[in-house]
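Peer 1: The sequence shown lines up with residues 0 to 142 when you count with numbering that gives the first Met the number 0.
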Amino acid sequence: MNKVTISAFVSGLIFSFGLLLSGMANPEKVLGFLDLFGAWDPSLALVMGGAIAVGLPAFLVAKKRAVAILGDPIRLPTKRTLDRRLILGSLVFGIGWGIAGFCPGPGIVATGAGEAGAVTFVLAMVAGMLAFRWLENRHSSAR
0 MNKVTISAFV SGLIFSFGLL LSGMANPEKV LGFLDLFGAW DPSLALVMGG AIAVGLPAFL
60 VAKKRAVAIL GDPIRLPTKR TLDRRLILGS LVFGIGWGIA GFCPGPGIVA TGAGEAGAVT
120 FVLAMVAGML AFRWLENRHS SAR
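#1: Output the distance between the C-alpha atoms of P56 and R132, rounded to the nearest integer angstrom.
#2: CA-CA distance, A99 and V29?
#3: Tell me the rounded alpha-carbon separation between S140 and L35.
#4: For P41, name the three-state secondary structure that DSSP assigns.
#5: In three-state terms, what does DSSP make of P103?
#6: Considering only C-alpha positions, which residue in the set G88, F120, G113 and L45 is nearest to C102?
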């Protein structure tokens, strides 16, 4: 195994444990956080704040570098405009998160932990990704 594969595995393992420990892989906890006008559970705000506290300095450092620690080029997003696709995608993501209580990372982790609802979510997510790819290919070939 090479250092990139080992690094990806260790990073994914740490991320997975963090999602389980924080409750992000528990749909009831996530739905409680999203229920602003009911029995709101603000504890996940601390998780998100912690993620921002870790991620922001990392992105500030990455913006000043051309190459990552393991030698691959750093490719940060450059697009700064809001378009219809971004807004619609965000809406679909938010609606799905609010209905299922999962987003992609926690859904995969919860699937591995044996959460039955997560399996359905991940299958629907993969079906949505395949449908998007099919529509994109169809749209680009029509041009």
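Cβ coordinates follow ideal geometry from the N, Cα and C atoms, glycine included.
Peer 2: Result, derived from the coordinates:
#1: 34 Å
#2: 9 Å
#3: For the pair S140 and L35, the Cα-to-Cα distance works out to about 44 Å.
#4: coil
#5: helix
#6: F120
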